[in-house]
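Just below is one structure, and these are the notes that go with it.
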Amino acid sequence: MRYTGPKARLCRQLGVNLFGTEKYNKILKKRPNKPGMHGPNKRFGKMSEYGRQLQEKQKAKIVFGVSEKQFRGYFDKASRQSGETGESLLRLLETRLDNVVYVSQFAVTRMQARQMVSHGHFLVNGRRVTVPSIMVRPGDKITLSPRHKDSPLYAGLDKLQDFSPKWLKVDLKGLAIEVLSLPEKDDLEKSIDSQLIVEFYSR
């Protein structure tokens, strides 16, 4: 199951903004210690290597909004691919449709992007899709459904500065995204240490 508990508490527990919005950066700056009555206590022992590996896996699951079963499936698929398993794992997660919608700035958070896709807001190569986990490929064209172009959710996108990764061509005025290539190592999520995840599953 995906995490549905208090988001600020979880960000403080893991020490990172897991959900993308600025308010969690402010909370982490204001309250950098872990939650709970013992949060500020510096006497706790150092986290074990297993603990670090488990925490990194949990963090990746929450950042991309996938279940334990889905995440294990992505890891198994990544381990069968050539190249570094950790890098392949993050590449699979990055090319989920909901993540592409998010990094293209059509949504404020990945959670919002997932909801948009689930409600049929986007077409992939002209076909309506409602599955956030669908994997995009080079050459795919993602467009906003005509029936949702007047939605307040997408008002003002044409005024945003394009900060999308180089593997995507984003047209914020035309409300379209083209997948140019698969993401390279430098395009992958920087907050996740994929090697720790590989070590966790290799135990």
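Counting in the numbering used here, the sequence shown runs from 854 upward without gaps.
For each residue, glycine too, the CB sits at the ideal point set by N, CA and C.
Being a predicted model, the structure only gives us computed values, none of them experimental.
1) How far does the beta strand (DSSP E) with I915 in it reach, from first residue to last?
2) Curious, which full-length beta strand (DSSP E) runs of at least 3 residues does the region 946 to 984 contain?
3) Put Q1048 into one of helix, strand or coil per three-state DSSP.
4) Going by the beta-carbon positions, is the gap between L1006 and R944 smaller than 8 angstroms?
5) Can you check whether the CB of V953 is closer than 8 angstroms to the CB of L1021?
6) Since E1067 is in the beta strand (DSSP E), which residue starts that stretch and which ends it?
7) If you measure between the beta carbons of L907 and F928, is that distance less than 8 angstroms?
8) Give a yes or no on whether the C-beta atoms belonging to A1029 and K1002 are separated by under 8 angstroms.
9) Using the rule of at least 16 other Cβ atoms within 10 Å of the residue's Cβ for burial, across every protein chain shown, is L1025 buried or exposed?
10) Helix, strand or coil for D1015 per DSSP?
11) Using the beta-carbon count (16 or more within 10 Å), is S1034 buried or exposed?
12) With DSSP collapsed to three states, give me the class of K922.
13) At what residues does the beta strand (DSSP E) containing S1023 begin and finish?
14) Could you check how far apart the C-beta atoms of R949 and F975 are, in whole angstroms? I think they sit under 8 angstroms.
15) Which residues share a DSSP beta bridge with L997?
Concretely, from the data shown:
1) I915 -> not in any beta strand (DSSP E); alpha helix (DSSP H) instead, spanning E902 to F917.
2) Complete beta strand (DSSP E) runs here, min 3: 975 to 977.
3) helix
4) no
5) yes
6) Here the chain comprises residues numbered 854 to 1056, so residue 1067 is not present and cannot be evaluated.
7) No, Cβ-Cβ distance for L907 and F928 is not below 8 angstroms.
8) no
9) buried
10) coil
11) exposed
12) Here K922 sits in helix by DSSP.
13) For the record, residue 1023 in the displayed sequence is Val; it is not Ser. Per DSSP, V1023 belongs to the beta strand (DSSP E) from L1021 to D1024.
14) About 13 angstroms; that fails the 8 angstroms criterion.
15) DSSP links L997 through a beta bridge to F975.
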